[in-house]
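S.K.: Residue numbers (my numbering): 2 to 583.
From the three backbone atoms N, C-alpha and C, an ideal C-beta is built for every residue, glycine too.
This structure is in structure tokens; I'll ask about it shortly.
Below is the structure:
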């Protein structure tokens, strides 16, 4: 009996071990399969940047973050694909066929390759306009991928390798006139068999562009046809449609909602499943209520994300105001909620703002605030109301804007031309056009006075307001601060006296007396000063290293070494030493 019992136990243990082994194998296979699609994107912040391109008389060189000359300006072109690295791709002359790679000492790198080039990016969230971990190399008129150490990632099997809009780390390949997709690991996601391939542009705050798919295009006797694949290249829809695009406003990482077209007739698909047939002349998506407004033979109706009718297709006109659907047929007007239920209301729009309050628009296009029983909260109407936060609302009346609470009490005077949220912060910018005044409004709806005739610039950790006479600094919470607190390690700080500008050290000892028309704050080891309408440059000891020779018309004045900023709208700042004649 004991032996039989032990045999039974041994069999159970054996079965369990086998099951765990199989599960382990499946887990390993899945991980191996997924690993080839997974890659990390290097993040480079402004403080990480070590090298910049500068230009003099049409030739380019390199300076470091302190403004020291690293590479003399003698090349027709220089690319710095990763500004943290001592790695520069140069084109010696305009007619040079191939690029070279050099380091800070001017020593050639990756010389075993015929040609090496950076892969330029566009329409990505990266501040650096290049792929930062891989390079394109050329061999016998074909291209492949290598890393910065020269290690081959792919063979030179392609006619071209170029960026994919929205997708850093993903590349479009060309072979025999056809296009496909690989990633920076060299994994082939789509074989080069299509006439064109593009990312759909889907983005989420958590995963970025990781979950966007690809729109594929093939050429047929009846013209181009479009289809769709997942981010890993799995075909969801074969190329059968004359048009296809993803509705990126629908935030769903697992499902792609697609507008498809066949000969001018539109439909909706959710992945492979067709929700609405291709029989509509027009389809518009309402983000707030997640509804499709469709038009078919002059009749309009509304469908939800499941493809079910919310409002039938028999109305002349349909508009959506907040959570209300307004439908007109002949002389009859009806109002529905977002689920298609008829409701009686005197409002044409109702938008939920908080748990207690909503913003409404009445029949005369006046704005007001109502409670959950639709009781009006404000004694007077406004031309516009927008929810800010907590119990605060931005309102417009008689062409001026301010902030009130839900009872109508004025929190910020209604005297501003505009009030708008400052990107990547929770505070507001308030402007007055008459005197070009800029104030800030903090998260408690308190006005923080700014400057007249001001310009605003936003850095990673502060906000700067600048006029001809003053410069104010604020934290991203709208608390006024100063440059010394923001940059305690600087050697020079701007100060003003009697309408002129100079520099002090951190102890307020005057290093350069206030005798200039304008100055800049320290960048690297230099500062700028303006005299007789022209700009010069000093070192951090107050010694002039460039006399006032630069005429700069840009509103953004910045110096590094002996050079001035000419462009920073492509991610990497570019400096110049050109003297512009007036």
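Report the start-end ranges of each beta strand (DSSP E) in the segment 81-117 that is 3 residues or longer and not cut off at the edges.
M.R.: 89-92 and 101-103
S.K.: Going straight from the alpha carbon of residue 299 to that of residue 308, what length do you get?
M.R.: Against the chain shown, residue 299 aligns to sequence position 298. Against the chain shown, residue 308 aligns to sequence position 307. The straight-line gap from Cα to Cα measures roughly 20 Å.
S.K.: Which residue comes first and which comes last in the alpha helix (DSSP H) that contains residue 484?
M.R.: Here residue 484 refers to the residue found at position 483 when the chain shown is read from its first residue. Residue 484 -> alpha helix (DSSP H) spans 484-487.
S.K.: Does the count of Cβ pairs from the segment 419-435 and the segment 482-492 closer than 8 Å reach three?
M.R.: no
S.K.: Per DSSP, which one or two residues make a beta bridge with residue 505?
M.R.: Residue mapping note: residue 505 aligns to position 504 of the chain shown, counting from 1. Bridge partners of residue 505: 494 and 511.
S.K.: Assign residue 120 to one of three DSSP states: helix, strand, or coil.
M.R.: Locating residue 120 in the chain shown gives position 119, counting from the first residue. Looking at residue 120 - three-state DSSP - the assignment turns out to be coil, as it is neither helix nor strand.
S.K.: Alpha carbon to alpha carbon, how far is residue 253 from residue 411? Give it in angstroms, no decimals.
M.R.: Here the question's residue 411 lines up with position 410 in the chain shown. Here the question's residue 253 lines up with position 252 in the chain shown. Roughly 40 Å separates the two Cα atoms.
S.K.: When DSSP builds the beta bridges, which residues end up paired with residue 440?
M.R.: For the purposes of this step, residue 440 is identified with residue 439 of the chain shown, where counting begins at 1. According to DSSP, residue 440 bridges with 431.
S.K.: Quick one: Cα of residue 536 to Cα of residue 456, how far?
M.R.: In the chain shown, residue 536 corresponds to position 535, counting from 1. In the chain shown, residue 456 corresponds to position 455, counting from 1. Each residue's Cα considered, the two are about 19 Å apart.
S.K.: Does the Cβ of residue 560 have 16 or more other Cβ atoms within 10 Å, making it buried, or fewer, making it exposed?
M.R.: Stepping through the chain shown from its first residue, residue 560 is reached at position 559. By the neighbour-count rule (16 or more Cβ atoms within 10 Å), residue 560 is buried.
S.K.: If we count the other Cβ atoms within 10 Å of its Cβ and call it buried at 16 or more, is residue 130 buried or exposed?
M.R.: The count along the chain shown starts at 1 and reaches residue 130 at position 129. Label assigned to residue 130: buried.
S.K.: With a threshold of 16 other CB atoms inside 10 Å of the CB of residue 521, please say whether the residue is buried or exposed.
M.R.: Position 520 of the chain shown, counting from 1, holds the residue named residue 521. Result: buried.
S.K.: Tell me whether residue 205 sits in a helix, a strand or coil according to DSSP, three-state version.
M.R.: Here residue 205 corresponds to residue number 204 of the chain shown, with the count starting at 1. Residue state, collapsed to three classes: strand.
S.K.: Whole angstroms is fine: what's the gap from residue 323's alpha carbon to residue 292's?
M.R.: Numbered from its first residue, the chain shown carries residue 323 at position 322. Numbered from its first residue, the chain shown carries residue 292 at position 291. The straight-line gap from Cα to Cα measures roughly 12 Å.
S.K.: Cβ of residue 377 within 7 Å of Cβ of residue 409?
M.R.: Stepping through the chain shown from its first residue, residue 377 is reached at position 376. Stepping through the chain shown from its first residue, residue 409 is reached at position 408. For residue 377 and residue 409, no; Cβs fall outside 7 Å.
S.K.: Pull up the distance between the alpha-carbon of residue 330 and that of residue 320, whole angstroms please.
M.R.: Here residue 330 refers to the residue found at position 329 when the chain shown is read from its first residue. Here residue 320 refers to the residue found at position 319 when the chain shown is read from its first residue. Cα to Cα, the separation comes out at about 12 Å.
S.K.: Whose C-alpha, out of 69, 383 and 389, is nearest the C-alpha of residue 400?
M.R.: In the chain shown, the residue the question calls residue 400 occupies position 399. The shortest C-alpha separation from residue 400 is found at 383.
S.K.: Following the continuous beta strand (DSSP E) through residue 143, name the residue where it begins and the one where it ends.
M.R.: Within the chain shown, the letter at position 142 stands for residue 143. Counting along the chain, the beta strand (DSSP E) containing residue 143 begins and ends at 143-148.
S.K.: Can you give the Cα-Cα distance for residue 33 and residue 169, rounded to whole angstroms?
M.R.: Counting from 1 along the chain shown, the entry for residue 33 is found at position 32. Counting from 1 along the chain shown, the entry for residue 169 is found at position 168. The pLDDT assigned to residue 33 is 49, lower than 50, so where the model puts this residue is not dependable; a value taken from the coordinates is nonetheless given after this. Rounded to whole angstroms, residue 33 to residue 169 spans 22 Å at the Cα level.
S.K.: Report all residues from its chain with a CB closer than 7 Å to the CB of residue 576; omit the five preceding and five following residues, and keep chain order.
M.R.: As a working mapping, residue 576 is identified with position 575 in the chain shown. Contacts found: 53, 55, 64, 561, 564, 565, 566 and 567.
S.K.: So if DSSP puts residue 578 in a beta bridge, which residue, or which two residues, is it bridged to?
M.R.: In the chain shown, the residue the question calls residue 578 occupies position 577. According to DSSP, which records beta bridges pairwise, residue 578 is partnered with nothing at all.
S.K.: What is the DSSP secondary structure of residue 165, reduced to helix, strand or coil?
M.R.: Translated into positions along the chain shown, residue 165 becomes position 164. DSSP places residue 165 in coil when its eight states are reduced to three.
S.K.: Out of 206, 111, 274 and 443, state which residue places its alpha-carbon closest to the alpha-carbon of residue 152.
M.R.: The residue given as residue 152 occupies position 151 in the chain shown. When each option's Cα is compared against that of residue 152, the closest is 111.
S.K.: Mind reading off the beta-carbon distance from residue 50 to residue 62? Whole number of angstroms is fine, and I expect it under 8 Å.
M.R.: On the chain shown, residue 50 is found 49 positions in, with the first residue counted as 1. On the chain shown, residue 62 is found 61 positions in, with the first residue counted as 1. At roughly 16 Å, the Cβ-Cβ gap does not stay under 8 Å, so residue 50 and residue 62 are not in contact.
S.K.: Ignoring anything shorter than 4 residues, give me the alpha helix (DSSP H) runs that lie fully in the segment 452-486, in order along the chain.
M.R.: none
S.K.: What residue range is occupied by the uninterrupted beta strand (DSSP E) comprising residue 197?
M.R.: Looking up residue 197 in the chain shown gives position 196. Per DSSP, residue 197 belongs to the beta strand (DSSP E) from 197-200.
S.K.: Once the 5 residues before and after residue 438 are set aside, which same chain residues still bring their CB inside 6 Å of it?
M.R.: Start at 1 with the first residue of the chain shown, and residue 438 comes out as number 437. The residues are 453.
S.K.: Please determine, among 16, 194, 492 and 183, the residue with the shortest C-alpha to C-alpha distance to residue 507.
M.R.: For the purposes of this step, residue 507 is taken as the residue at position 506 of the chain shown. Ranking the options by Cα distance to residue 507, first place goes to 492.
S.K.: Taking 7 Å as the threshold (C-beta atoms), are residue 208 and residue 200 in contact?
M.R.: Your numbering for residue 200 matches position 199 in the chain shown. Your numbering for residue 208 matches position 207 in the chain shown. No, these two residues do not count as a Cβ contact at 7 Å.
S.K.: Does DSSP put residue 49 in a helix, in a strand, or in coil?
M.R.: Start at 1 with the first residue of the chain shown, and residue 49 comes out as number 48. Reduced to three states, the DSSP call for residue 49 is helix.
S.K.: Measuring straight from C-alpha to C-alpha, what distance separates residue 69 and residue 86?
M.R.: The residue you call residue 69 lines up with position 68 of the chain shown. The residue you call residue 86 lines up with position 85 of the chain shown. One C-alpha to the other measures close to 16 Å.
S.K.: Quick one: residues in its chain with C-beta nearer than 8 Å to the C-beta of residue 233, no 5 flanking neighbours on either side, listed in chain order?
M.R.: Numbered from its first residue, the chain shown carries residue 233 at position 232. 38 and 190.
S.K.: Looking only at C-alpha atoms, which of 394, 344 and 348 sits nearest to residue 355?
M.R.: Taking the chain shown and counting its residues from 1, one reaches residue 355 at position 354. With distances taken between Cα atoms, residue 355 lies closest to 394.
S.K.: With a 10 Å radius around its C-beta and 16 neighbouring C-beta atoms as the bar for buried, classify residue 302 as buried or exposed.
M.R.: Start at 1 with the first residue of the chain shown, and residue 302 comes out as number 301. Residue 302 is buried by the Cβ-count criterion.
S.K.: Tell me the DSSP secondary structure of residue 36 in three-state form.
M.R.: In the chain shown, counting from the first residue as 1, residue 36 sits at position 35. Three-state result, residue 36: helix.
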